[in-house]
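Asks:
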Amino acid sequence: MHHAVITQVDNPGPVALASKWRLTFIGMTGIGVAAFAAAVLSDPARAWHGYLVSYFMFLAFGIAGLFFVAINNATNAKWMIVIRRLAEGFTAYLPVALVLFVGVVLGMKHLYGWYDGATDMEPAKAKWLSPLWITVRGFVFLAVWVLFARVLVGWSVKQDASGDAKLSRKAINLSVVFLPIFAGTFTLAAFDWIMSLQYHFFSTMFGVYCFAGMFQSGLALLTIVFIRMKQPGGPLQAYATQSHVKDLGGLIFAFTVFMTYIGFSQFMLIWYANMPEETFYFMQRLDGGWQVLTVALPFFKFVVPFFGLLGQGQKKNETWLTIVCWTIIVGQFLDIYWMVMPTYSKTLVPIGWMEIGIWLGFAGIFGLAVSRFYARNSIMAARDPRILESVNWRMWE
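Shown next, in the form of structure tokens:
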């Protein structure tokens, strides 16, 4: 199929959020605040567990945006540039997440069995899992992510005005520095905030499992936003191609395989070693009704995205890809719920108004933060020196 080569890119400019959507996000935030307040009065422990589930989920979306930007820079992947500014918008939530971490700190006594000291903990682990050090580390991790995001996204936005190619080279170098730092900080954050909910359990693969779910779901949300921006009348209609859609589908497919490999490997190694300090984690989630979620998770996070995106045509079908992406996002919520809520109750806790209300609140805050970024900055990095190669990306058409 012949396509005209684009020789000049006009800056599409910022995209203001429609007032109805802004009001929707504000309403969702209000519902979330009210639901959380009512939940704290009704059942504080369940309220804080629900808070942690939604906090970690939306933090992961913000971090996924930052990781996507860093990967784009470090690999010099030109096809991603049309999409990159959308991912940069996700990072606008990270400063908000830094503030909302105060909620996790306030809820520690309801969340973590080690909060008041545990006599059955090794001395070294007791020192590591102390409220003070968990709090300090948490704020440090978040501050590091916010700092890198501010610099990388700041250079990208600055390039919109100056067109300075040196900013791209600086971003490449900084991204290469950021990636190993991110690997260490995110792994420790997953240990501190999620794995330590059951402080006897340990798995060296836990951080990688959380990372795989984080990026799989982050890619899914980014793809949904990109497809919407690509629609007729959308700001990226003139520059987004089916090849971009197909490659996003390919990335989701790849991380679906990676996530499944990590999840299965963690389970298989613990099952094979049969060590009580490891197996109890899965035994608890195979009993008391939690086995329903344990069986459902592979359907949402593997079966649908793997078989749903196995064919090349499926990856380019925008309607189908959107359905698959929403399935992954639901799966990610259920996965975090599966990791967090069994520490609240040994029997299955059906998702109720508390969890839904709190999730809506976080979704509203995330939507407001990201849409504010899109309304203040161009929706595409139009003066990136590689932008013409990106907008003419048509390998799969």
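With our numbering, the residue at position 178 of the sequence shown is 178, and numbering never jumps.
Using N, Cα and C, we set each Cβ at its ideal position, and we do this for glycine too.
(1) Taking just the CA atoms, how far does Arg169 sit from Asp287?
(2) Starting from the C-beta of Met80, find all residues in its chain whose C-beta is less than 6 Å away, skip the five residues before and the five after it, and write them out in chain order.
(3) Just to confirm, is the Cβ distance from Leu52 to Val104 under 8 Å?
(4) Quick one: Cα of Ile379 to Cα of Pro12, how far?
(5) Sorted by chain position, which residues of the same chain lie with C-beta nearer than 7 Å to Phe258's C-beta, five sequence neighbours on each side aside?
(6) Can you tell me whether Thr319 is helix, strand or coil according to DSSP?
(7) What residues in its chain sit with their C-beta under 6 Å from that of Glu355, if we drop five residues either side in the sequence?
(8) On the premise that Ile6 lies in contact with Val245, defined as a C-beta separation below 8 Å, what is that separation, rounded to the nearest angstrom?
(9) Buried or exposed for Trp353, please, with buried defined as at least 16 other CB atoms from any protein chain shown within 10 angstroms of its CB.
(10) Going by the beta-carbon positions, is the gap between Gly263 and Phe25 smaller than 8 Å?
(11) How many Å lie between Gly107 and Glu389 at the Cα?
(12) Count the other CB atoms within 10 Å of the CB of Met395; is the residue buried (16 or more) or exposed (fewer)?
(13) By Cβ distance below 8 Å, which residues in the same chain neighbour Met339 in space, the five residues on each side in sequence not counted?
(14) Shortest alpha-carbon distance to Pro180 belongs to which of Phe206, Trp145, Gln159, Lys166?
(15) When we look at the beta-carbon of Asn173 and count the other beta-carbons within 10 Å, is it buried (16 or more) or exposed?
(16) Counting only the same chain and skipping the five closest in sequence on each side, list residues whose C-beta sits under 6 Å from that of Leu321.
(17) Considering only their Cβ atoms, is the gap separating Ile328 from Ala220 smaller than 8 Å?
(18) Am I right that Thr29 and Gly308 are in contact with their C-beta atoms under 8 Å? What's the rounded C-beta distance?
(19) Let me know if Pro342 comes out buried or exposed under the rule of 16 or more other beta-carbons within 10 Å of its beta-carbon.
(20) Roughly how far, in whole angstroms, is the beta-carbon of Ala47 from the beta-carbon of Phe36, given that I think they are within contact range, below 8 Å?
(21) Among the candidates Thr256, Thr279, Met275, Gly113, whose CA atom is the shortest distance from the CA of Gln332?
(22) Put Ala382 into one of helix, strand or coil per three-state DSSP.
(23) Are Lys316 and Gln237 closer than 8 Å when you measure CB to CB?
(24) Spatial neighbours of Ala74 within its chain, please: CB distance less than 7 Å, with the 5 preceding and 5 following residues excluded, ordered by chain position.
(25) Comparing alpha-carbon positions, which option in Gly113, Ala375, Ala382, Val349 lies nearest Tyr239?
(26) So, using beta-carbon positions, are Glu278 and Phe201 closer together than 8 Å?
(27) With DSSP as the reference, label Lys230 as helix, strand or coil.
(28) Note down the Cα distance separating His2 from Trp393, rounded to an integer number of angstroms.
(29) Kindly indicate which three-state DSSP category Leu222 falls into: helix, strand or coil?
(30) Quick one: what's got a C-beta closer than 8 Å to Gln266's C-beta in the same chain, skipping five residues either side?
(31) Only counting the same chain, and skipping five residues up and downstream in sequence, which positions put a Cβ closer than 7 Å to that of Ile31?
(32) Taking the straight line between their C-alpha atoms, what separation do you get for Pro14 and Tyr374?
(33) DSSP state of Asn398, grouped into three classes?
(34) Of the residues Val292, Val324, Pro298, which one's Cα is nearest the Cα of Ile351?
(35) Just how far apart, CA to CA, sit Gln159 and Ser54?
Replies: Judging by the given coordinates:
(1) Mapped onto the sequence shown, residue 287 falls at position 287. Mapped onto the sequence shown, residue 169 falls at position 169. Cα to Cα, Asp287 sits roughly 53 Å from Arg169.
(2) Residue numbering aside, residue 80 sits at position 80 when the sequence shown is read from its first letter. Hits under 6 Å: Asn72.
(3) Numbered from its first residue, the sequence shown carries residue 52 at position 52. Numbered from its first residue, the sequence shown carries residue 104 at position 104. Contact flag set, yes.
(4) As a first step, residue 379 must be located in the sequence shown, where it is residue number 379. As a first step, residue 12 must be located in the sequence shown, where it is residue number 12. Roughly 7 Å between the two C-alpha positions.
(5) Residue numbering aside, residue 258 sits at position 258 when the sequence shown is read from its first letter. Contacts found: Ala212.
(6) The residue labelled residue 319 in the question sits at position 319 within the sequence shown. Helix.
(7) Along the sequence shown, read from residue 1 onward, the residue named residue 355 stands at position 355. Same-chain partners within the cutoff: Gly50.
(8) Here residue 245 refers to the residue found at position 245 of the sequence shown. Here residue 6 refers to the residue found at position 6 of the sequence shown. At roughly 17 Å, the Cβ-Cβ gap does not stay under 8 Å, so Val245 and Ile6 are not in contact.
(9) Working through the sequence shown from its first residue, we reach residue 353 at position 353. Exposed, since its Cβ has fewer than 16 Cβ neighbours within 10 Å.
(10) For this step, residue 263 is matched to residue 263 along the sequence shown. For this step, residue 25 is matched to residue 25 along the sequence shown. For Gly263 and Phe25, no; Cβs fall outside 8 Å.
(11) Mapped onto the sequence shown, residue 107 falls at position 107. Mapped onto the sequence shown, residue 389 falls at position 389. Distance between the alpha carbons of Gly107 and Glu389 is about 49 Å.
(12) One-based indexing of the sequence shown puts residue 395 at position 395. Exposed, because fewer than 16 other Cβ atoms sit within 10 Å of the Cβ of Met395.
(13) As a working note, residue 339 is residue 339 in the sequence shown. Excluding residues within five positions, the ones whose Cβ falls inside 8 Å are Ile194, Leu197.
(14) Within the sequence shown, numbered from 1, the residue matching residue 180 stands at position 180. Answer by Cα proximity: Trp145.
(15) Position 173 of the sequence shown, counted from the first residue, corresponds to residue 173. It counts as exposed.
(16) Position 321 of the sequence shown, counting from 1, holds the residue named residue 321. Hits under 6 Å: Gly249.
(17) Position 220 of the sequence shown, counted from the start, is the residue given in the question as residue 220. Position 328 of the sequence shown, counted from the start, is the residue given in the question as residue 328. Yes, the pair counts as a contact, with Cβ atoms nearer than the cut-off.
(18) Here residue 29 corresponds to residue number 29 of the sequence shown, with the count starting at 1. Here residue 308 corresponds to residue number 308 of the sequence shown, with the count starting at 1. Not confirmed; about 32 Å, so no contact.
(19) Along the sequence shown, one-based indexing puts residue 342 at 342. Its Cβ being crowded by 16 or more others within 10 Å, Pro342 is buried.
(20) As a working note, residue 47 is residue 47 in the sequence shown. As a working note, residue 36 is residue 36 in the sequence shown. Their Cβ separation, rounded to whole angstroms, is 6 Å, which keeps Ala47 and Phe36 in contact under 8 Å.
(21) Counting from 1 along the sequence shown, the entry for residue 332 is found at position 332. If we check each option's Cα against that of Gln332, Thr256 comes out closest.
(22) On the sequence shown, residue 382 is found 382 positions in, with the first residue counted as 1. Three-state DSSP puts Ala382 in coil, outside helix and strand.
(23) Here the question's residue 316 lines up with position 316 in the sequence shown. Here the question's residue 237 lines up with position 237 in the sequence shown. Contact flag unset, no.
(24) Sequence index remark: in the sequence shown, residue 74 carries index 74 (1-based). For Ala74, where only same-chain residues beyond five positions count, the Cβ hits under 7 Å are Ile172, Ser175, Val176, Leu179.
(25) Looking up residue 239 in the sequence shown gives position 239. Ranking Gly113, Ala375, Ala382, Val349 by Cα distance to Tyr239 puts Ala382 first.
(26) For the purposes of this step, residue 278 is taken as residue 278 along the sequence shown, with counting starting at 1. For the purposes of this step, residue 201 is taken as residue 201 along the sequence shown, with counting starting at 1. Yes; because the gap between Cβ atoms is below 8 Å, this pair is in contact.
(27) Taking the sequence shown and counting its residues from 1, one reaches residue 230 at position 230. Helix, per DSSP.
(28) Start at 1 with the first residue of the sequence shown, and residue 2 comes out as number 2. Start at 1 with the first residue of the sequence shown, and residue 393 comes out as number 393. With a pLDDT of 48 at His2, under the threshold of 50, the predicted position of this residue should be treated as unreliable, and no value is reported.
(29) Here the question's residue 222 lines up with position 222 in the sequence shown. Reduced to three states, the DSSP call for Leu222 is helix.
(30) Within the sequence shown, residue 266 is the residue found at index 266, counting from 1. Hits under 8 Å: Ser203, Met205, Phe206, Tyr209.
(31) In the sequence shown, counting from the first residue as 1, residue 31 sits at position 31. Gly357, Leu360, Gly361, listed in sequence order.
(32) Here the question's residue 14 lines up with position 14 in the sequence shown. Here the question's residue 374 lines up with position 374 in the sequence shown. Cα to Cα, Pro14 sits roughly 6 Å from Tyr374.
(33) In this structure the chain extends from 1 to 397, so residue 398 is not present and cannot be described.
(34) Here residue 351 refers to the residue found at position 351 of the sequence shown. Considering only alpha carbons, the answer is Val292.
(35) Along the sequence shown, read from residue 1 onward, the residue named residue 159 stands at position 159. Along the sequence shown, read from residue 1 onward, the residue named residue 54 stands at position 54. Going from the Cα of Gln159 to the Cα of Ser54 covers about 34 Å.
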